[in-house]
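Some notes on the structure that comes next.
And the structure:
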């Protein structure tokens, strides 16, 4: 058995709300290459339903998770 870390295909993005200092956390976003501005634009399509939005600025983070898998 040979175990390795493998990046999961989803991540968590945290960003600051555009109308307050609240932090918004969005789970299950893609790990594909993107910019903070594009990530915010796509997330805001969903948040807009509830009248919320986040900014793609220096307060945004994207956390990728790795899991252990058998490499054999």
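Numbering (our numbering), first residue to last: 1 to 72. Note that the Cβ used here is the ideal one computed from N, Cα and C, for glycine as well. All of these numbers come straight from a predicted model, not from anything done at the bench.
Partner residues in a beta bridge of residue 34, as assigned by DSSP, do not exist.
Residue 55 sits in coil when the DSSP states are folded into three classes, being neither helix nor strand. Taking the C-beta atoms as reference points, residue 54 is found no nearer than 8 Å to residue 28.
The C-beta distance from residue 2 to residue 66 rounds to 16 Å, too long to meet the 8 Å contact threshold. Excluding the 5 residues flanking it on each side, residue 22 has same chain C-beta neighbours closer than 8 Å at 16, in chain order.
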